[in-house]
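Read through the structure below, which is laid out as structure tokens, and then see the notes.
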């Protein structure tokens, strides 16, 4: 493949690590408050919306990997260049780079907002952002294998978090889930659409793919990872739906954090403070992966070292963060991002798959002629 | 390169070492453990119980009372009076005077729920009289009134002698259109503080009150329970069934039972007729009974169970009637109605129209699982 960037043998990862990468990339800030967004449309059938959205996600990750398999040892950026040529391909690459940068910004901004609201109301968000960015820069400089390692540890270290969510279940009322399917299917689908913000992240496979050693196992681990995320989201959704009453949930911005706030241990009374701080470990691989994905696109256009890139990237993000201040602004960038993400993650891969198929068959015909 | 690494190390170390942003030293803050709200000429009167930690002396408890338009306003005023910053993170109980409760406490509860500093596991309660009076009185046996009221509520709620009223549950019920909430009532009783009853709310306003002795029944209708003690007075004709009749037959047989577990079932029979079947099965342990009634005898046990069923049924019917009279659906029947009837399209107004007219068929099935060590 002429457009494949050389991947150093020592930077390759084993396929099972893909499970942690996709999982880490999916679970981010969305999980704090996705329940409300879906409930607004699908009401008590919100959990069905989650199931539907994951059916689509499974289908799309299947398509994505199929596309990648047509051009082995190449990522989406290379595929763009191969299909559309250098110029148009790079325009598409720019959209993707912009998408990953946007995802980075949205993640970091939402997390800082949570810290500001729940833990430190008076701490400057720029200071928080800058310190987070320094950690990201440090991790980023370690290279891809270090980032994969962070994904693994973020998964292991946070395994206990979902398990304590069973404690609030003593306030659950199963009646809140009934009657099932009482809402029009249109609303349930709308709810599935609202899942976009929370579910996206698995498109990282587009960039990670060339780094996986055993290519034939990619499908298996990517789907397993989606399944793990599904179980987590579904469990949290069901607990939330039975724990809150409907109109209460509509008013609760971070329902998951509210779930934590009723938990009390003899040795620690405010569990939500601990989990919010611990969430940095969950956010960190997200941020690193997004920055790294953007970097993979940029190096196709400019000859820039990773170190230089991450400093420039971080400065741009920091400057952008200065312009977003209030909750309403954050909400509106979240909305824009989830619409943008829907197109990039749920619509665009189908399009590129079709183009790739046509291109391949044309090439074949040319060759046989 | 080496220079860069050193710089990064320096910056990170600096961040960690100087990262104490908003520190809260225990000796430099005062902890609010209890707040009581009253209404006074259209203004909110807040009485706060503040615990001061002092490393040199014993920690002390102060009580401040302030009046302002908003509850935050009262906090600012209270702050002006204390030498140490007030922190609400250790708040455990919020009380409302009954006058304020009758006027409406929906907004106050909304404010509490909005504040991330306060956990959703604090208890709410209503005071008979003003909370200011309750908190500012002298009690010779109580050193820390904030902690005392919290313990009083906590152990009663944990033992299921009183309905649970955590902020979360109240907020859940207040926002739910098909459900109303209840709060426990506390009262100053001489030198002590009593839990005297249950306050029934509609929307955010108090509409009625039940005595504390009814709380077991209310709990029985509201949820499945596994604790709690109840005393019942059974009719005298029970004596006829026993073989060894007492020489001096008492006028009636008071008994006491301890719930082991209960299960309630609510079934909407015919939604056009607005009728609900409430079946409660109660397994219990006999704690106290007249010695002449032999528990070992199957027949006697059955008779006792039957008498108990009748008694509990009539009490529960009375309580449901009362809640219908004041139109406060504290048992969440509306939610069951909504859950079991498709396309019910219930709204808050519609449900409050339906609820007082609803027919509830109560059926109790008690079973005495065990009695004491003698028969």
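Protein chains in written order, with UniProt numbering: chain A, 1 to 369; chain B, 1 to 375.
For each residue, glycine too, the CB sits at the ideal point set by N, CA and C.
This one's a predicted model, so the numbers in the text were calculated from it and none came from an experiment.
What is the C-beta distance between residue i and residue j, in whole angstroms, given that I count them as a contact (C-beta under 8 angstroms)?
i	j	result
residue 341 of chain A	residue 93 of chain A	Contact doesn't hold; Cβ gap of about 17 angstroms is too wide.
residue 135 of chain B	residue 145 of chain B	6 angstroms
residue 236 of chain A	residue 252 of chain A	No, residue 236 of chain A and residue 252 of chain A are not in contact; Cβ-Cβ is about 13 angstroms, not under 8 angstroms.
residue 105 of chain B	residue 204 of chain B	5 angstroms
residue 177 of chain B	residue 40 of chain B	Not confirmed; about 32 angstroms, so no contact.
residue 334 of chain A	residue 202 of chain A	Going by Cβ atoms, the distance from residue 334 of chain A to residue 202 of chain A rounds to 19 angstroms, so no, they are not a contact pair.
residue 263 of chain A	residue 164 of chain A	6 angstroms
residue 154 of chain B	residue 126 of chain B	With 8 angstroms as the limit, residue 154 of chain B and residue 126 of chain B do not qualify as a contact, their Cβ atoms being about 17 angstroms apart.
Suppose contacts are defined by Cβ-Cβ distances below 9 angstroms. Is residue i in contact with residue j by that definition?
i	j	result
residue 244 of chain A	residue 318 of chain B	no
residue 224 of chain A	residue 52 of chain A	no
residue 83 of chain A	residue 356 of chain A	yes
residue 124 of chain B	residue 165 of chain B	yes
residue 411 of chain A	residue 114 of chain A	The first residue shown for chain A is 1 and the last is 369, placing residue 411 of chain A beyond what the model contains.
residue 50 of chain A	residue 195 of chain A	yes
residue 195 of chain B	residue 275 of chain B	no
residue 256 of chain B	residue 232 of chain B	yes
residue 182 of chain B	residue 93 of chain B	no
residue 226 of chain A	residue 44 of chain A	no
residue 129 of chain A	residue 321 of chain A	yes
residue 280 of chain B	residue 330 of chain B	no
residue 117 of chain A	residue 213 of chain B	no
residue 27 of chain A	residue 232 of chain A	yes
residue 75 of chain A	residue 210 of chain A	yes
At a CB-CB cut-off below 7 angstroms, which residues of chain A make contact with residue i?
i	result
residue 120 of chain B	258, 261 and 262
residue 171 of chain B	248
residue 168 of chain B	171 and 262
residue 11 of chain B	134
residue 8 of chain B	138
What does residue i touch in chain B if you count any residue whose Cβ is under 8 angstroms from its own?
i	result
residue 117 of chain A	116
residue 270 of chain A	89 and 119
residue 72 of chain A	Within 8 angstroms Cβ-Cβ: nothing; residue 72 of chain A doesn't reach chain B, min ~36 angstroms.
For residue i, return the contacting residues in chain A, with the cut-off set at a CB-CB distance below 8 angstroms.
i	result
residue 176 of chain B	245, 246, 247 and 248
residue 124 of chain B	Correct list: empty, because the minimum Cβ distance to chain A is about 14 angstroms.
residue 15 of chain B	131 and 134
residue 268 of chain B	Those within 8 angstroms of residue 268 of chain B in chain A number zero; the least Cβ separation is about 11 angstroms.
Can you say whether residue i is buried or exposed, counting buried as having 16 or more other CB atoms within 10 angstroms of its CB?
i	result
residue 25 of chain A	buried
residue 369 of chain A	exposed
residue 266 of chain B	buried
residue 3 of chain B	exposed
residue 64 of chain A	buried
residue 312 of chain A	exposed
residue 59 of chain A	exposed
residue 277 of chain A	exposed
residue 1 of chain A	Only weak support is given to the placement of residue 1 of chain A: the predicted model assigns it a pLDDT of 43, under 50, and the value that follows is read from those uncertain coordinates. Exposed, by the Cβ-count rule.
residue 320 of chain B	buried
residue 180 of chain A	exposed
residue 25 of chain B	exposed
residue 28 of chain B	exposed
residue 259 of chain B	buried
residue 185 of chain A	exposed
residue 300 of chain A	buried
residue 188 of chain B	buried
residue 192 of chain B	exposed
residue 7 of chain B	exposed
residue 358 of chain A	exposed
Starting from the beta carbon of residue i, find every residue of chain B whose beta carbon is closer than 7 angstroms, and list them in chain order.
i	result
residue 45 of chain A	Going along chain B, no residue has its Cβ under 7 angstroms from residue 45 of chain A, so there is no contact; the nearest lies around 13 angstroms.
residue 175 of chain A	335, 336 and 339
residue 327 of chain A	None at all; the shortest Cβ gap to chain B is about 13 angstroms.
residue 182 of chain A	342
residue 349 of chain A	Near residue 349 of chain A there are no residues of chain B at all, since even the closest Cβ is about 38 angstroms away, more than 7 angstroms.
residue 266 of chain A	What residue 266 of chain A touches in chain B: nothing, since even the nearest Cβ is about 14 angstroms away.
residue 251 of chain A	175
Mind listing the chain A neighbours of residue i? Cutoff is C-beta to C-beta under 9 angstroms, in chain order.
i	result
residue 218 of chain B	Ordered by position in chain A, no residue passes the 9 angstroms Cβ test against residue 218 of chain B, which lies about 16 angstroms from the chain.
>> For a minimum of 4 consecutive residues, which ranges assigned as the alpha helix (DSSP H) are wholly contained in the segment 157-182 of chain A?
In response: Taking 4 residues as the minimum length, the alpha helix (DSSP H) runs contained wholly in the segment 157-182 of chain A are 160-163, in order along the chain.
>> Which runs of the beta strand (DSSP E) at least 3 residues long sit entirely within the segment 82-143 of chain B? Give them in chain order.
In response: 85-87, 93-97 and 123-127
> Residue ranges of each alpha helix (DSSP H) run of no fewer than 4 residues wholly in the segment 58-138 of chain A, ordered along the chain?
Replying inline: With a minimum length of 4 residues, the continuous alpha helix (DSSP H) runs that stay inside the segment 58-138 of chain A are 76-118.
>> Report the start-end ranges of each alpha helix (DSSP H) in the segment 4-80 of chain B that is 4 residues or longer and not cut off at the edges.
In response: The qualifying runs are 71-79.
>> Quick check for students: name the residue ranges of the beta strand (DSSP E) that lie wholly in the segment 213-297 of chain A, counting only runs of 3 or more.
In response: none
> Which runs of the beta strand (DSSP E), 3 residues or longer, sit entirely within the segment 335-372 of chain B?
Replying inline: 359-370
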